[in-house]
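Asks:
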Amino acid sequence: MQRRLWRMRGGGAGGAQPVMRGLYAAIIDEADGVLIDESTTPLIIASPQANPLMVQATHVARTLVDRMERDVHYRVHAAGAQDVRLLPAGQDWLDTVEHQLPEFWRQRDRRENLISMALLARDVFERDRHYVVQEGRVVIVDENTGRLMPDRSRSHGIHQAIEAREGLELTDPSQTAARMTFQDFFRRYHVLSGASGTLQGIAHEMWSTYGLLTLWLAPRVPSRLRTGERHVYVDRDAKLDGIVAEACRIHREGLPVLVGTRRILDSEAIAERLAAAGVECKVLNAKKHAEEAEIVARAGASHCVTVATNMAGRGTDILLAAGVADAGGLQVLSFEAHESSRVDWQLFGRAGRRGAPGRAQAFIALGDELFERHLPVALQPLLWLAIGVAPLRRRLANLLIPAAQWQAQRRAWGARKTLAEREEQTVQQLSFSRVG
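Residue 500 in the working numbering sits at position 128 of the sequence shown, with consecutive numbering throughout.
Okay, here's the thing in structure tokens:
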């Protein structure tokens, strides 16, 4: 191969340089994570551009929104999307204070967009969930993996609005030079394939979006993973007590425990309660990413309790210490259901790997975000019934969780489908922008 490349270069005489032949073939590991969960993530080429007027306007907007009332002046999108809408009362109020903004931002569309960014920063983007503050900087947290993304920033002024909300020095907004989503990028490959252990329920979307057939392969060795019944509680505090009690019980038996959460705050709250109960644990989240390898290496040891965000989900291999497999293997406790059962199984799959024994249990509260944002309206009376009728609580939760996840995935698929159609329409209208 080296000799062939040497000849292509003209025998080292400064001839033409070899180049790649384009996006020809790709094999994607964890294909559902890339092609589905992160498909709408934009790949952006941008550069910071000083904009002192925007910095000034962002500070003013941060002050103005503190005088606005939710559901009076504005409404957060009911489906939980990262979107807010100004109500007529909010638009009228904004007319009375527009003189406080720099002149450029007084035009109706501009000022409403500016205020919307400030509202998103206050009411939608949560510290220690969507981002963390490190060394005076806002660092984005990838919700799918729980990892930090220090080299990325949110566009359209949202990043600066969050910085203003946190009282930090505002960075220069970015000027976008090129933009493409993961979905559009991978659809450009001539040959596309991949693999994942969690492709359940998305075969139709894989085919309709990417033209990919989904083939199920039997595992090399039979699975010995056991899943217990869901533990259902009325509220978050009761669920915290329940999951800590179960972690303590398993710890006393000498088995390793992995407690999985969606939010950094939840992981810290569980760790505090475990410490109060006299149980030492290791916490793995975006704030402690530097310790990841050490924490994961110890997570399969006897009596070890690990509390982690999604960083300990997809792709993490927890090796069991000697004797642990014979005693029952890793015990996984899930603190909250995700919008997709596939993501739930990414956490459950840390136990019972390669034929080892293990157990996974889910802990649910009827006030969880999944129900608040995605439960179909027709089923909401059942949620109220489950709160009041304890004997039926688990049975009703087993009905409501799949319904809420189906609704969440239907909305997400609709958004991805609309985006794919728009991208295809753009290609057809500007045919010179893409070579087949």
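Each residue gets a CB set at the ideal place from its N, CA and C atoms; glycine is no exception.
(1) Measure the C-alpha to C-alpha separation of tryptophan 465 and histidine 445 and round it to an integer number of angstroms.
(2) Decide if aspartate 409 is buried, meaning its Cβ has at least 16 other Cβ atoms within 10 Å, or exposed.
(3) In three-state terms, what does DSSP make of isoleucine 574?
(4) With contact counted as at least three CB pairs below 8 Å, one residue from each stretch, are the region 631-646 and the region 487-501 in contact?
(5) Does the count of Cβ pairs from the region 765-774 and the region 785-802 closer than 8 Å reach three?
(6) Which same chain residues, not among the five before or five after histidine 675, have their C-beta less than 7 Å away from its C-beta?
(7) Taking contact to mean 3 or more Cβ pairs, one atom from each stretch, closer than 8 Å, check whether the region 680-700 and the region 718-734 are in contact.
(8) Going by C-alpha to C-alpha distance, which of Ser568, Glu708, Gln777 sits closest to glycine 614?
(9) With the cut-off set at 8 Å, would you say alanine 671 and leucine 646 are in Cβ contact?
(10) Between Met683, Val593, Arg494, which has its C-alpha nearest threonine 430's C-alpha?
(11) Got a sec, what are the start and stop residues for the beta strand (DSSP E) phenylalanine 735 sits in?
(12) Straight-line CA distance for valine 504 to histidine 531?
(13) Looking at glycine 632 and proline 757, is the spacing between their C-beta atoms short of 8 Å?
(14) For aspartate 443, count neighbouring Cβ atoms within 10 angstroms of its own Cβ and tell me buried if that reaches 16, exposed if not.
(15) Can you have a look at valine 807 and say buried or exposed, based on whether 16 or more other CB atoms are within 10 angstroms of its CB?
(16) Cβ of methionine 683 within 8 Å of Cβ of arginine 439?
(17) If you reduce the DSSP assignment to three classes, tell me which class arginine 670 lands in.
(18) For arginine 686, count neighbouring Cβ atoms within 10 angstroms of its own Cβ and tell me buried if that reaches 16, exposed if not.
(19) Please go through the same chain and pick out, in chain order, the residues whose beta-carbon is closer than 7 Å to the beta-carbon of isoleucine 342, but skip the five residues on each side of it.
(20) Alpha carbon to alpha carbon, how far is glycine 539 from valine 679? Give it in angstroms, no decimals.
(21) Is methionine 440 helix, strand or coil by DSSP?
(22) Would you mind reading off the limits of the beta strand (DSSP E) that contains proline 420?
(23) Any idea if phenylalanine 476 is buried or exposed, counting beta-carbon neighbours within 10 angstroms, 16 or more meaning buried?
(24) Have a look at Val432, Ala776, Asp698, Met578 and flag the residue whose alpha-carbon is nearest the alpha-carbon of isoleucine 736.
(25) Alpha carbon to alpha carbon, how far is glutamate 541 from alanine 549?
Replies: Judging by the given coordinates:
(1) 8 Å
(2) buried
(3) coil
(4) yes
(5) no
(6) His623, Gly626
(7) yes
(8) Glu708
(9) no
(10) Arg494
(11) 729-737
(12) 12 Å
(13) Looking at the sequence shown, residue 757 is not proline but leucine. Not a contact, by the Cβ cut-off of 8 Å.
(14) exposed
(15) A caution first: valine 807 carries a pLDDT of 46, below 50, which makes its placement in the model unreliable, though a value can still be read off. Exposed, since its Cβ has fewer than 16 Cβ neighbours within 10 Å.
(16) no
(17) helix
(18) buried
(19) No answer is possible for residue 342: it lies beyond the span of the chain, which begins at 373 and ends at 808.
(20) 30 Å
(21) coil
(22) 414-420
(23) exposed
(24) Ala776
(25) 25 Å
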